[in-house]
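First the structure, in the form of structure tokens, and then the observations on it.
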Amino acid sequence: MLGYPKNLYILPFDHRSSFIKTFIGAVKELDGQQKKLISDYKKIIFEGFLMSLGYVKNPVESAIMVDEDFGLEIIKLAKKKNIIICLPVEKSGQNNFAFQYGHDFSQHIQALKPDIVKALVRYNPADKKINQGQLEKIKELDSWCKDNSYKFMVESLVPPTPGQLKRARGRREVYDEKIRPALTLRMINEFHQAGIEPDIWKIEAFEHEDAWSETIDAICDGERSAVAIIMLGRGESF
Numbered sequence: 001m002l003g004y005p006k007n008l009y010i011l012p013f014d015h016r017s018s019f020i021k022t023f024i025g026a027v028k029e030l031d032g033q034q035k036k037l038i039s040d041y042k043k044i045i046f047e048g049f050l051m052s053l054g055y056v057k058n059p060v061e062s063a064i065m066v067d068e069d070f071g072l073e074i075i076k077l078a079k080k081k082n083i084i085i086c087l088p089v090e091k092s093g094q095n096n097f098a099f100q101y102g103h104d105f106s107q108h109i110q111a112l113k114p115d116i117v118k119a120l121v122r123y124n125p126a127d128k129k130i131n132q133g134q135l136e137k138i139k140e141l142d143s144w145c146k147d148n149s150y151k152f153m154v155e156s157l158v159p160p161t162p163g164q165l166k167r168a169r170g171r172r173e174v175y176d177e178k179i180r181p182a183l184t185l186r187m188i189n190e191f192h193q194a195g196i197e198p199d200i201w202k203i204e205a206f207e208h209e210d211a212w213s214e215t216i217d218a219i220c221d222g223e224r225s226a227v228a229i230i231m232l233g234r235g236e237s238f
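Per the UniProt record's numbering, the very first residue in the sequence shown carries number 1; after that it's consecutive.
The following block contains the structure:
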């Protein structure tokens, strides 16, 4: 069945390139000690997550999103505790979607057996040069997930092109409010036209209710009524 007809509250800490930049700095390759440092920081986040379960109504609806690179031990422990796991498969920090482990992505998913497979995609309909290749890779992943009974989540970012940002007078908040909603609808339509049918969409938040309504209608149209939507806050005060 397409969709995820249950509540889902996710603590995402699958950050990789941003964690490295914040805690280590600009480095080409991490040494063993640096890798352990990032992993230890993620363990602290997971400990906080476990503590929070005692304060929520339905802890079975709580989930974590963590990467294999720095969170392998966390994933193994979470599975023992029957915590919902969302596993990212994208290479971190890329403007053009790429698999973290190339064509071996399926082996890594099968080894860890997450509840949900997640792909972060930066997709602006105006970037036609890279979009076709991105759609082909996401379609491959979507088809594999369906063939192997994994729920599939698309986490979408719609960054502005230079021209779009110029139209917004260089202000990202104007782009988010006035331009991004229509681009998001186009993105969803292009994914559907490519045969990509996520069970869950993680969508950047909108300022206005009508933008949300149109997006929900596009995502849940027809036989997609059970498809779930999660708000991606981007650290903003929407």
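Note that the Cβ used here is the ideal one computed from N, Cα and C, for glycine as well.
How long is the line joining the alpha carbons of Lys151 and Gly3, rounded to whole angstroms?
-> Translated into positions along the sequence shown, residue 151 becomes position 151. Translated into positions along the sequence shown, residue 3 becomes position 3. Going by the C-alpha atoms only, they are around 8 Å apart.
Looking only at DSSP bridge pairs, what is Pro88 linked to?
-> Taking the sequence shown and counting its residues from 1, one reaches residue 88 at position 88. According to DSSP, residue pairing for Pro88 in a beta bridge involves Lys118.
So which of Leu157, Phe70, Phe46 and His208 has the shortest CA-CA distance to Ala36?
-> Within the sequence shown, the letter at position 36 stands for residue 36. According to the sequence provided, residue 36 is Lys. The question's Ala does not apply to it. Answer by Cα proximity: Phe70.
With a threshold of 16 other CB atoms inside 10 Å of the CB of Asp199, please say whether the residue is buried or exposed.
-> Walking along the sequence shown from the start, residue 199 turns up at place 199. Residue environment for Asp199: buried (at least 16 other C-beta atoms within 10 angstroms of its C-beta).
Secondary structure at Met187, three-state DSSP: helix, strand or coil?
-> As a position in the sequence shown, residue 187 is number 187, starting the count at 1. Secondary structure at Met187: helix, using DSSP grouped into helix, strand and coil.
Between which two residues does the beta strand (DSSP E) carrying Ser62 extend?
-> For the purposes of this step, residue 62 is taken as residue 62 along the sequence shown, with counting starting at 1. It spans Ser62 to Met65 - the beta strand (DSSP E) in which Ser62 sits, taken as one unbroken run.
Counterpart residues of Ile229 in DSSP-defined beta bridges = Numbered from 1 along the sequence shown, position 229 holds the residue referred to as residue 229. Here Ile229 is bridged, per DSSP, to Trp201.
In chain order, what residues of the same chain lie with their CB nearer than 6 Å to the CB of Phe238, ignoring the 5 residues before and after it?
-> The residue given as residue 238 occupies position 238 in the sequence shown. Only weak support exists for where Phe238 lies, its pLDDT of 48 falling under 50; the value from the coordinates is given anyway. Leaving aside the five residues that flank Phe238 on each side, the residues in its chain whose CB is nearer than 6 Å to its CB run, in chain order, Ala205.
Check Phe97 in the structure and name its three-state DSSP category.
-> Numbered from 1 along the sequence shown, position 97 holds the residue referred to as residue 97. Three-state result, Phe97: coil.
Tell me the DSSP bridge mates of Ser39?
-> Mapped onto the sequence shown, residue 39 falls at position 39. DSSP output for Ser39 lists no bridge partner at all.
Given His208 as reference, the closest of Val60, Trp201, Ala168 and Val174 once Cα atoms are compared = Within the sequence shown, numbered from 1, the residue matching residue 208 stands at position 208. Minimum Cα distance to His208 is reached at Val174.
Does the pairing of the region 67-82 with the region 136-146 give three or more beta-carbon distances under 8 Å?
-> With the cut-off at 8 Å, the region 67-82 and the region 136-146 do not touch.
Applying the criterion that 16 or more other CB atoms from any shown protein chain within 10 Å of the CB defines a buried residue, is Ser106 buried or exposed?
-> The residue you call residue 106 lines up with position 106 of the sequence shown. Under this definition Ser106 is a buried residue.
Can you tell which of Trp144, Val66, Ser143 and Lys178 has the C-alpha that lies nearest to the C-alpha of Ile45?
-> Translated into positions along the sequence shown, residue 45 becomes position 45. Nearest to Ile45 by alpha-carbon distance, out of Trp144, Val66, Ser143 and Lys178, is Val66.
Which of the three DSSP states, helix, strand or coil, is assigned to Lys81?
-> Position 81 of the sequence shown, counting from 1, holds the residue named residue 81. Note: Lys81 maps to coil in three-state DSSP.
Three-way DSSP call (helix, strand, coil) for Asp14 in this model = As a working note, residue 14 is residue 14 in the sequence shown. Correct three-state label for Asp14: coil.
Per DSSP, cross-strand counterpart(s) of Met153 = If you number the sequence shown from 1, residue 153 lands on position 153. The partner list for Met153 (beta bridge, DSSP) reads Lys118 and Ile200.
Of the choices Ser62, Arg169, Phe97 and Tyr101, whose alpha-carbon is the least far from that of Val158?
-> Here residue 158 refers to the residue found at position 158 when the sequence shown is read from its first residue. Cα-wise, what sits closest to Val158 is Phe97.
In terms of DSSP beta bridges, what is Tyr9 paired with?
-> By 1-based counting over the sequence shown, the position of residue 9 is 9. Bridge partners of Tyr9: Ser62.
Please go through the same chain and pick out, in chain order, the residues whose beta-carbon is closer than 6 Å to the beta-carbon of Ile24, but skip the five residues on each side of it.
-> The residue given as residue 24 occupies position 24 in the sequence shown. Hits under 6 Å: Gln34.
Taking all protein chains shown into account, decide if Phe13 is buried (16 or more other Cβ within 10 angstroms of its Cβ) or exposed.
-> Here residue 13 refers to the residue found at position 13 of the sequence shown. Around the beta carbon of Phe13, 16 or more other beta carbons lie within 10 angstroms, which makes this residue buried.
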